[in-house]
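Which chain is which? The protein sequence lines are A, B, C and D, in order. Here our numbering is used: the first residue of the first sequence is 60, the next is one more, and so on. Here our numbering is used: the first residue of the second sequence is 60, the next is one more, and so on. Here our numbering is used: the first residue of the third sequence is 60, the next is one more, and so on. Here our numbering is used: the first residue of the fourth sequence is 60, the next is one more, and so on.
4 protein chains.
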Amino acid sequence: MRVALISTGGTIEKTYDELRGVLENQVSVLDIMLASLELRGIEVHRVALMNKDSLDMSPEDHTLIARSAAQLAATHDGVVVVHGTDRLAVSGHRVVELAGTPPSPIVFTGAMRPYELRSTDALQNLTEALLAVQLVKPGVYVAMHNQVLQFPGVIKDVQRRTFAKPGGGAGG
Amino acid sequence: MRVALISTGGTIEKTYDELRGVLENQVSVLDIMLASLELRGIEVHRVALMNKDSLDMSPEDHTLIARSAAQLAATHDGVVVVHGTDRLAVSGHRVVELAGTPPSPIVFTGAMRPYELRSTDALQNLTEALLAVQLVKPGVYVAMHNQVLQFPGVIKDVQRRTFAKPGGGAGG
Amino acid sequence: MRVALISTGGTIEKTYDELRGVLENQVSVLDIMLASLELRGIEVHRVALMNKDSLDMSPEDHTLIARSAAQLAATHDGVVVVHGTDRLAVSGHRVVELAGTPPSPIVFTGAMRPYELRSTDALQNLTEALLAVQLVKPGVYVAMHNQVLQFPGVIKDVQRRTFAKPGGGAGG
Amino acid sequence: MRVALISTGGTIEKTYDELRGVLENQVSVLDIMLASLELRGIEVHRVALMNKDSLDMSPEDHTLIARSAAQLAATHDGVVVVHGTDRLAVSGHRVVELAGTPPSPIVFTGAMRPYELRSTDALQNLTEALLAVQLVKPGVYVAMHNQVLQFPGVIKDVQRRTFAKPGGGAGG
Numbered sequence: 060m061r062v063a064l065i066s067t068g069g070t071i072e073k074t075y076d077e078l079r080g081v082l083e084n085q086v087s088v089l090d091i092m093l094a095s096l097e098l099r100g101i102e103v104h105r106v107a108l109m110n111k112d113s114l115d116m117s118p119e120d121h122t123l124i125a126r127s128a129a130q131l132a133a134t135h136d137g138v139v140v141v142h143g144t145d146r147l148a149v150s151g152h153r154v155v156e157l158a159g160t161p162p163s164p165i166v167f168t169g170a171m172r173p174y175e176l177r178s179t180d181a182l183q184n185l186t187e188a189l190l191a192v193q194l195v196k197p198g199v200y201v202a203m204h205n206q207v208l209q210f211p212g213v214i215k216d217v218q219r220r221t222f223a224k225p226g227g228g229a230g231g
Numbered sequence: 060m061r062v063a064l065i066s067t068g069g070t071i072e073k074t075y076d077e078l079r080g081v082l083e084n085q086v087s088v089l090d091i092m093l094a095s096l097e098l099r100g101i102e103v104h105r106v107a108l109m110n111k112d113s114l115d116m117s118p119e120d121h122t123l124i125a126r127s128a129a130q131l132a133a134t135h136d137g138v139v140v141v142h143g144t145d146r147l148a149v150s151g152h153r154v155v156e157l158a159g160t161p162p163s164p165i166v167f168t169g170a171m172r173p174y175e176l177r178s179t180d181a182l183q184n185l186t187e188a189l190l191a192v193q194l195v196k197p198g199v200y201v202a203m204h205n206q207v208l209q210f211p212g213v214i215k216d217v218q219r220r221t222f223a224k225p226g227g228g229a230g231g
Numbered sequence: 060m061r062v063a064l065i066s067t068g069g070t071i072e073k074t075y076d077e078l079r080g081v082l083e084n085q086v087s088v089l090d091i092m093l094a095s096l097e098l099r100g101i102e103v104h105r106v107a108l109m110n111k112d113s114l115d116m117s118p119e120d121h122t123l124i125a126r127s128a129a130q131l132a133a134t135h136d137g138v139v140v141v142h143g144t145d146r147l148a149v150s151g152h153r154v155v156e157l158a159g160t161p162p163s164p165i166v167f168t169g170a171m172r173p174y175e176l177r178s179t180d181a182l183q184n185l186t187e188a189l190l191a192v193q194l195v196k197p198g199v200y201v202a203m204h205n206q207v208l209q210f211p212g213v214i215k216d217v218q219r220r221t222f223a224k225p226g227g228g229a230g231g
Numbered sequence: 060m061r062v063a064l065i066s067t068g069g070t071i072e073k074t075y076d077e078l079r080g081v082l083e084n085q086v087s088v089l090d091i092m093l094a095s096l097e098l099r100g101i102e103v104h105r106v107a108l109m110n111k112d113s114l115d116m117s118p119e120d121h122t123l124i125a126r127s128a129a130q131l132a133a134t135h136d137g138v139v140v141v142h143g144t145d146r147l148a149v150s151g152h153r154v155v156e157l158a159g160t161p162p163s164p165i166v167f168t169g170a171m172r173p174y175e176l177r178s179t180d181a182l183q184n185l186t187e188a189l190l191a192v193q194l195v196k197p198g199v200y201v202a203m204h205n206q207v208l209q210f211p212g213v214i215k216d217v218q219r220r221t222f223a224k225p226g227g228g229a230g231g
């Protein structure tokens with residue numbers, strides 16, 4: 060199974076700047092994460108699209124991400140998009156607007172705590188996205204925190220620090 | 060979604076005996092693993108059935124595991140079974156023999172390297188099993204190393220150190 | 060051997076605020092660090108003095124830290140002070156000004172990368188301070204990055220991201 | 060400061076054999092450990108002498124280790140020896156028999172739990188040995204678990220799972 064993995068930045072990929080003492084999107088740590096997983100089900104095709112905190116994304120960025128995902132869904136068996144959680148739902152809904160039901164599943168994921176932190180949720184979420192993309196029907200989803208939610212209707216639940224779909228419903 | 064999580068031991072749960080310098084099944088580390096994951100999709104019901112290296116399992120052990128899984132599948136939305144990889148396929152096939160297609164999905168998982176090792180695959184595999192059980196149709200599966208394979212026909216591929224299904228095919 | 064361990068905050072103790080996405084001094088993670096070490100040489104007496112980024116310390120803060128360290132050095136066999144690196148040398152020199160050579164060794168330490176990061180130097184530095192305090196003569200030191208440097212004359216070498224003593228010399 | 064680092068194997072360097080499910084001395088993980096530490100105080104000269112569980116060491120092995128350590132102590136500012144804990148004291152006493160007080164400090168260390176385990180004490184002990192060798196007077200020592208004990212008279216306290224010196228006394 061051939062899967063395109065689009066990286067756009069976000070908390071999941073933030074690294075620590077020792078001099079300034081802050082976490083920022085500077086280099087992609089996605090390859091380190093991938094190397095720490097055993098991936099027997101898929102062949103990953105990496106697409107480094109941008110490396111931005113999603114709060115800094117412009118409308119053009121969201122459209123670029125959505126277009127790229129939809130195009131790659133036509134030539135792959137699935138697409139995983141690593142994205143900042145704050146505006147993940149904006150990009151997810153943009154895909155639905157532009158492409159409706161894509162030819163293969165498009166699964167967004169991200170993290171609440173960077174991979175660089177020992178308490179990160181990055182590896183769990185990436186693992187879930189890479190498995191979900193093999194199991195769900197064509198459509199646009201977010202996979203994170205042991206849940207797969209299908210767009211449209213997905214929101215970031217800031218209070219509970221995860222994604223939710225008021226009115227519910229997993230993919231499958 | 061209510062999921063029963065049956066622990067039976069195996070490499071995934073082996074801990075280190077400092078005095079004798081060996082890895083053994085003594086206490087279950089499954090609760091520590093669960094606490095390190097963010098589980099928003101499921102409510103886990105823990106069933107500690109046994110704590111054995113699967114090479115030490117008797118035919119009665121395999122039957123007990125298969126019966127327990129099938130029974131819990133009737134009262135839950137899914138069942139995850141943590142199992143030693145050497146005889147995992149024996150228990151998986153026993154479920155199919157005894158129960159055919161269970162009322163909800165039964166997903167086996169395990170690990171090639173104990174959770175106690177820094178290079179463990181235990182968290183990846185547990186994450187995959189806990190997500191797959193939400194996404195697949197009723198049936199008996201193994202989820203590990205980014206693959207979901209449906210019984211019957213699943214074997215441990217010792218050479219490649221993972222599971223395989225000669226003649227192939229993921230669940231969904 | 061009875062050792063007083065004064066915590067003042069700094070990078071070593073910074074934790075991640077998930078909502079705001081920043082690393083800050085909010086709770087002390089020193090007890091978690093201590094629990095992960097095997098300490099057979101010393102009996103630790105914890106003194107939680109403040110929890111500040113050292114860039115936010117006032118002259119009064121530095122004096123309070125120096126006074127507390129000097130007083131505890133009279134009633135213990137040694138004192139370890141966990142401190143932000145940016146102003147660590149200010150507090151170190153303040154001890155020398157106020158107390159000259161204290162009755163037992165006072166060893167400062169800190170970290171360039173918070174304990175919460177998987178690439179942290181916090182455990183190494185804490186380990187070094189807790190050992191150095193048993194081995195050096197009464198005096199004021201910083202122990203970090205495999206070096207023990209004696210005050211006065213110690214500076215933070217921002218370029219090399221560690222401490223240095225131009226004109227040199229370890230304790231002993 | 061130039062330090063020779065002799066590796067001989069032991070629990071600290073054991074790695075996991077996935078096929079057989081056991082921990083063994085096969086490759087040296089010392090370089091990985093060294094790379095994870097910030098070493099500003101010393102320049103390390105690696106000497107890979109053997110890679111054995113110390114329970115498998117012959118009298119000739121102990122003599123070879125002792126001779127090598129004593130010789131390197133003449134050409135370096137200090138020597139660290141990584142050694143299995145079961146027979147560490149045999150090699151330590153052999154150095155004292157053969158070389159008395161060496162020209163520079165010789166510090167033995169090891170681990171109760173392999174580096175490969177997430178609960179390892181290997182990094183703490185290596186950190187302590189690499190610092191102690193800079194701070195103690197010429198002599199033969201073991202540095203582990205926040206203690207530095209001088210030979211002769213050091214024993215492994217199996218009950219407490221650490222080293223002890225009945226009748227006491229740290230180096231310095």
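Quick reminder that beta carbons are idealized off the backbone N, C-alpha and C, glycines included.
Start and end of the alpha helix (DSSP H) containing residue i?
i: Met92 (chain C); result: Leu89 to Ala94
i: Glu119 (chain A); result: Pro118 to Thr134
i: Leu64 (chain B); result: Here Leu64 (chain B) belongs to no alpha helix (DSSP H); instead the beta strand (DSSP E) covers Arg61 to Ser66.
To which residues does DSSP link residue i through a beta bridge?
i: Arg143 (chain B); result: Correcting the residue type first, residue 143 (chain B) is Gly in the shown sequence and not Arg. According to DSSP, Gly143 (chain B) bridges with nothing at all.
i: Gly137 (chain A); result: A:Val62
i: Ile165 (chain B); result: B:Val138 and B:Val199
i: Ala223 (chain C); result: C:Ile214
i: Leu82 (chain A); result: A:Tyr75
Looking at the secondary structure, which residues open and close the beta strand (DSSP E) in which residue i lies?
i: Arg105 (chain A); result: Glu102 to Ala107
i: Leu78 (chain C); result: First-last for Leu78 (chain C): undefined, no H or E at that position.
With a cut-off of 8 Å on the beta carbons, I'd call residue i and residue j a contact; round off their distance for me.
i: Glu97 (chain A); j: Val141 (chain A); result: Their Cβ separation, rounded to whole angstroms, is 19 Å, which puts Glu97 (chain A) and Val141 (chain A) out of contact at 8 Å.
i: Gly63 (chain D); j: Val106 (chain D); result: In the sequence on display, residue 63 (chain D) carries Ala and not Gly. Going by Cβ atoms, the distance from Ala63 (chain D) to Val106 (chain D) rounds to 6 Å, so yes, they are a contact pair.
i: Asp145 (chain B); j: Leu123 (chain B); result: Asp145 (chain B) to Leu123 (chain B), Cβ: 17 Å. No contact.
i: Phe222 (chain B); j: Val201 (chain B); result: 5 Å
i: Gln255 (chain D); j: Gly100 (chain C); result: Residue numbering for chain D in the displayed model covers 60 to 231; residue 255 (chain D) lies beyond these limits and cannot be assessed.
i: Thr70 (chain C); j: Gly151 (chain C); result: Contact doesn't hold; Cβ gap of about 16 Å is too wide.
i: Leu176 (chain C); j: Tyr174 (chain A); result: Going by Cβ atoms, the distance from Leu176 (chain C) to Tyr174 (chain A) rounds to 10 Å, so no, they are not a contact pair.
i: Met22 (chain C); j: Gly169 (chain C); result: Outside the shown range of chain C (60 to 231) lies residue 22 (chain C), about which nothing can therefore be said.
i: Gly212 (chain D); j: Gly198 (chain D); result: Between Gly198 (chain D) and Gly212 (chain D) the Cβ distance is about 12 Å, and since that is not below 8 Å, they are no contact.
i: Val149 (chain C); j: Ile65 (chain C); result: Their Cβ separation, rounded to whole angstroms, is 15 Å, which puts Val149 (chain C) and Ile65 (chain C) out of contact at 8 Å.
i: Arg172 (chain A); j: Ser178 (chain A); result: 6 Å
i: His135 (chain D); j: Arg61 (chain D); result: 5 Å
i: Gly4 (chain C); j: Leu82 (chain A); result: For residue 4 (chain C) there is no data in the structure shown, the boundaries of chain C being 60 and 231.
Residues of chain D with a CB under 8 Å from the CB of residue i: which are they?
i: Glu77 (chain B); result: Met171, Arg172 and Arg220
i: Ala191 (chain C); result: Leu190 and Leu194
Taking residue i as the query, report the chain C residues whose CB atoms sit under 9 Å from its CB, ordered along the chain.
i: Arg99 (chain D); result: Met203, His204, Asn205, Gln206, Arg219, Thr221, Phe222 and Ala223
i: Leu96 (chain D); result: Asp180, Gln183, His204 and Asn205
So which residues on chain C does residue i lean against when the C-beta distance must stay under 8 Å?
i: Glu175 (chain A); result: Leu176, Arg177 and Ser178
Quick one: which chain A residues come within Cβ less than 7 Å of residue i?
i: Val195 (chain B); result: Leu194
i: Thr70 (chain C); result: Gly80
List, in chain order, every chain D residue whose beta-carbon is nearer than 7 Å to that of residue i.
i: Thr186 (chain C); result: Gln183, Thr186 and Glu187
Worksheet item: Where are the alpha helix (DSSP H) runs, 4 residues long or more, that stay fully inside the segment 167-220 of chain A, in chain order?
Response: 181-194
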